[in-house]
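Protein sequence lines, in the order shown, are assigned to chains A and B.
Offset between the first sequence (1-based) and my numbering: plus 40.
Offset between the second sequence (1-based) and my numbering: plus 40.
Reviewing the structure listed below.
Protein chains: 2
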Amino acid sequence: MKLSTRTRYGVRAALELAANQSKGPVQIKTIAHRQDISIKYLEQLMAILKSAGLVRSIRGAKGGYILAKPANQIKLSDVFNALEGPVTTVECLENKNYCARVTDCVTRQVWAEVQQAIMSVLQSMTLQDLINRTKDKKTLNYQI
Amino acid sequence: MKLSTRTRYGVRAALELAANQSKGPVQIKTIAHRQDISIKYLEQLMAILKSAGLVRSIRGAKGGYILAKPANQIKLSDVFNALEGPVTTVECLENKNYCARVTDCVTRQVWAEVQQAIMSVLQSMTLQDLINRTKDKKTLNYQI
DNA sequence: AGTATTCCTACCTTATTAGTAGTATATTAT
DNA sequence: ATAATATACTACTAATAAGGTAGGAATACT
């Protein structure tokens with residue numbers, strides 16, 4: 041049940057944008073450098089966040105990325121969903137036709153509860169909440 | 041954040057044993073057949089559960105597997121941990137030396153909360169609880 | 001025009017998951 | 001004893017996904 045680097049990197053990148061909301065677009069290379077992520081890889085992650093409607097891009101010189109909405113309106117679950125896909129611990133939670141026993145399968149219920157537990161945590165936090173948590177606002181202290 | 045078949049199969053196998061606790065050992069091939077799992081693959085999963093101390097094996101003819109403890113003393117988190125490894129959403133939760141910023145990293149706190157949420161669900165259920173949940177005790181209704 | 005940036009798409013490498021195969025070892029029943 | 005029935009052990013293989021590279025096209029600012 042490990043988190044993919046995709047999600048971890050993506051959350052960190054989103055936080056970088058959140059921290060710089062007032063200061064205009066942030067370039068991929070800046071984020072990549074600050075967070076120690078491959079530029080080319082991050083490029084792809086940003087594209088995912090963009091198509092999920094969480095960030096907006098500005099092309100060309102002096103371009104970069106900005107959040108598409110205020111940081112207090114972006115829940116961690118939004119970022120998570122975009123990058124990790126829906127938190128579907130098992131196939132049959134998404135696709136009811138996956139298995140005939142769906143209606144009263146005990147293990148399915150368990151995994152559903154696990155999934156719900158994860159989502160409640162992630163839905164309860166916005167990017168802004170996380171920014172507020174950081175003690176030293178200048179240097180965002182996360183690198184996982 | 042998908043669950044591996046390893047864990048899914050393992051939980052189902054453990055439930056088969058729980059359901060047959062009073063009736064002596066259950067053979068791998070029986071479980072494999074009932075749960076539609078490859079015999080050879082399940083063999084390996086049972087070995088993992090065994091080395092985790094959750095089941096005991098009886099070799100030779102009329103042998104098979106039984107739970108090492110009463111079903112109400114085996115938490116789902118035990119089975120999960122054995123098969124999936126500790127629910128470590130990120131490396132630094134296990135290994136504090138993994139990253140220098142550990143002490144006040146915001147994202148680490150988030151993943152820790154997620155991890156805690158998952159564990160509380162799994163720790164709150166025993167195999168017996170799940171058996172009790174099944175409506176029709178004869179045919180264990182799970183196949184995910 | 002020139003430079004800086006995102007955009008797009010294809011590729012590659014490595015790790016993990018899921019599964020197979022074969023043989024050795026232990027236990028029971030005959 | 002011997003045959004039959006189980007697990008135990010170890011190695012191999014195939015498929016998939018994760019993580020990352022590469023190159024150039026499109027766009028926008030100066």
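From the three backbone atoms N, C-alpha and C, an ideal C-beta is built for every residue, glycine too.
Have a look at A/Leu170 and B/Thr147 and give me their C-alpha separation to the nearest angstrom.
Position 130 of the first sequence holds residue 170 of chain A. Position 107 of the second sequence holds residue 147 of chain B. The straight-line gap from Cα to Cα measures roughly 8 Å.
Check distances from the C-beta atoms of the region 108-123 of chain A to those of chain B and list, in chain order, the residues that come in under 8 Å.
Leu116
Bridge partners of A/Lys115, per DSSP?
Residue 115 of chain A sits at position 75 when you count from the first residue of the first sequence. For A/Lys115, which the question treats as bridged, DSSP gives the partners A/Thr166.
Helix, strand or coil for A/Gly50 per DSSP?
Within the first sequence, numbered from 1, the residue matching residue 50 of chain A stands at position 10. A/Gly50 falls in the helix class under three-state DSSP.
Report back the beta-carbon spacing between B/Leu89 and B/Tyr49 to the nearest angstrom; my notes put them in contact at under 8 Å.
If you number the second sequence from 1, residue 89 of chain B lands on position 49. If you number the second sequence from 1, residue 49 of chain B lands on position 9. Contact flag wrong, Cβ pair sits at about 11 Å.
Please state whether the Cβ-Cβ distance between A/Ile114 and A/Thr174 is less than 7 Å.
On the first sequence, residue 114 of chain A is found 74 positions in, with the first residue counted as 1. On the first sequence, residue 174 of chain A is found 134 positions in, with the first residue counted as 1. Cβ atoms of A/Ile114 and A/Thr174: not closer than 7 Å.
Among the residues of its own chain, which have a CB less than 7 Å from the CB of A/Ala58, if the five just before and after it don't count?
Here the question's residue 58 of chain A lines up with position 18 in the first sequence. Counting only Cβ-Cβ distances below 7 Å, and skipping sequence neighbours, we find Leu107, Ala111, Leu167, Gln168 and Ile171.
Given that B/Val154 touches chain A, what residues does it touch there, using C-beta distances under 8 Å?
Taking the second sequence and counting its residues from 1, the one referred to as residue 154 of chain B is at position 114. Here the neighbours are Ile158, Val161 and Leu162.
Residues of chain A with a CB under 8 Å from the CB of B/Met165: which are they?
In the second sequence, the residue the question calls residue 165 of chain B occupies position 125. Going along chain A in sequence order, the residues near B/Met165 (Cβ under 8 Å) are Val150.
Considering just the uninterrupted stretch of the beta strand (DSSP E) at A/Ile98, what are its terminal residues?
Mapped onto the first sequence, residue 98 of chain A falls at position 58. Residues Val95 to Ile98.
Please state if the CB of B/Glu153 and the CB of A/Val150 are separated by a distance shorter than 7 Å.
Against the first sequence, residue 150 of chain A aligns to sequence position 110. Against the second sequence, residue 153 of chain B aligns to sequence position 113. Contact: no.
If A/Gly125 sits next to A/Pro65, beta carbons under 8 Å apart, how far is it from one beta carbon to the other, in whole angstroms?
For the purposes of this step, residue 125 of chain A is identified with residue 85 of the first sequence, where counting begins at 1. For the purposes of this step, residue 65 of chain A is identified with residue 25 of the first sequence, where counting begins at 1. Rounded, the Cβ-Cβ distance is 27 Å, inconsistent with contact.
Give the secondary structure of B/Ile68 by DSSP, where H, G and I count as helix, E and B as strand, and everything else as coil.
Mapped onto the second sequence, residue 68 of chain B falls at position 28. In the structure shown, B/Ile68 sits in a helix (DSSP, three-state: H, G or I).
From the DSSP output, in three-state form, read off B/Leu55 for me.
Counted from its first residue, the second sequence places residue 55 of chain B at position 15. Residue state for B/Leu55 is assigned as helix, using DSSP reduced to three classes.
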